[in-house]
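Numbering (this note's numbering), first residue to last: 653 to 839. Take a look at the structure below.
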Amino acid sequence: MKKNATAYIGIAIAGAMAAFSYLYLYPSTPDALTEQNARIYSSSQFGISFLYPRAYTLDERDVGPTAPLHRVIAFRSQDAAPTPVNGEGQPGITFEFIENEPVEMDAETFIRDKPASNWNIATSAMTPKIYDGISGIEYSWSGLYEGRSFVVARRGFIYVFSVTRFDPTDIGPVNFGRIMSTLKLAE
């Protein structure tokens, strides 16, 4: 009887140590982003503002010809490995702002008709989604990475917010959600 009690106590202690170690090494959801613990991005040109983790830097560049305007913001973790020469880079988070004038395209038309949407490699249906009061369409896709995009069409711009990952344990999707919860778009 005493052997059984000792075994149960040992199992209980081992379980408690394992749970403590897991919670210590892999904390639950990171804190919400605030102006005190994050950086601010704001652009009156694109009618957008959001907070992003201090552990990220932003690479902002224009894509393609001068018209229509197509701006990409790529978030890069400061501790990420450098992108190989001529490489595709690490999975991550990108925000794209694509001029939506003079033809005002809705989000579904953009997703179906524009190759940049990755709809041709979609793995899910288009689903209406709301992030912090902003309505759009979300879908998943699979190519070099597993990806998820959220597309919003507004007068002036199509906004494409995307996150990519290699596997489900990547922190990118968690940080994507944190950033999206602070997103503000001009009406």
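Every residue, glycine too, gets a C-beta built ideally from N, C-alpha and C. Small disclaimer: the values here were computed from a predicted structure and weren't measured.
Item to check | DSSP-derived helix/strand/coil call for A838 | outcome: In the sequence shown, counting from the first residue as 1, residue 838 sits at position 186. Coil at A838, not helix or strand.
Checklist entry - Over what stretch of residues does the alpha helix (DSSP H) that includes R830 continue unbroken? => result Position 178 of the sequence shown, counted from the start, is the residue given in the question as residue 830. Where R830 is concerned, the enclosing alpha helix (DSSP H) stretches over G824 to M832.
Item to check | Closest Cα partner of F828 within the set F702, A759 and H722 | outcome: For the purposes of this step, residue 828 is taken as the residue at position 176 of the sequence shown. It is F702 whose Cα lies nearest to the Cα of F828.
Checklist entry - What number of angstroms, rounded off, separates the C-alpha of P767 from the C-alpha of E753? => result Reading the sequence shown from its first residue, position 115 is the one you call residue 767. Reading the sequence shown from its first residue, position 101 is the one you call residue 753. If you take the alpha carbons of P767 and E753, they lie about 18 Å apart.
Item to check | Range of the contiguous beta strand (DSSP E) that encloses I786 | outcome: Taking the first residue of the sequence shown as 1, we reach residue 786 at position 134. Unbroken beta strand (DSSP E) run through I786: I786 to S794.
Next on the checklist: So, for L837: in the same chain, excluding its five sequence neighbours on each side, which residues have a beta-carbon less than 8 Å away from its beta-carbon?
Outcome noted: Residue 837 sits at position 185 when you count from the first residue of the sequence shown. Only G699, I700, I786, V804, R806 and Y811 meet the Cβ criterion.
Checklist entry - Who pairs with K799 in a beta bridge, going by DSSP? => result The count along the sequence shown starts at 1 and reaches residue 799 at position 147. Checking the displayed sequence, the identity of residue 799 turns out to be Gly instead of Lys. According to DSSP, which records beta bridges pairwise, G799 is partnered with W793 and T816.
Item to check | Through-space distance from G808 to E751, alpha-carbon basis | outcome: The count along the sequence shown starts at 1 and reaches residue 751 at position 99. The count along the sequence shown starts at 1 and reaches residue 808 at position 156. Approximately 6 Å between the Cα atoms of the pair.
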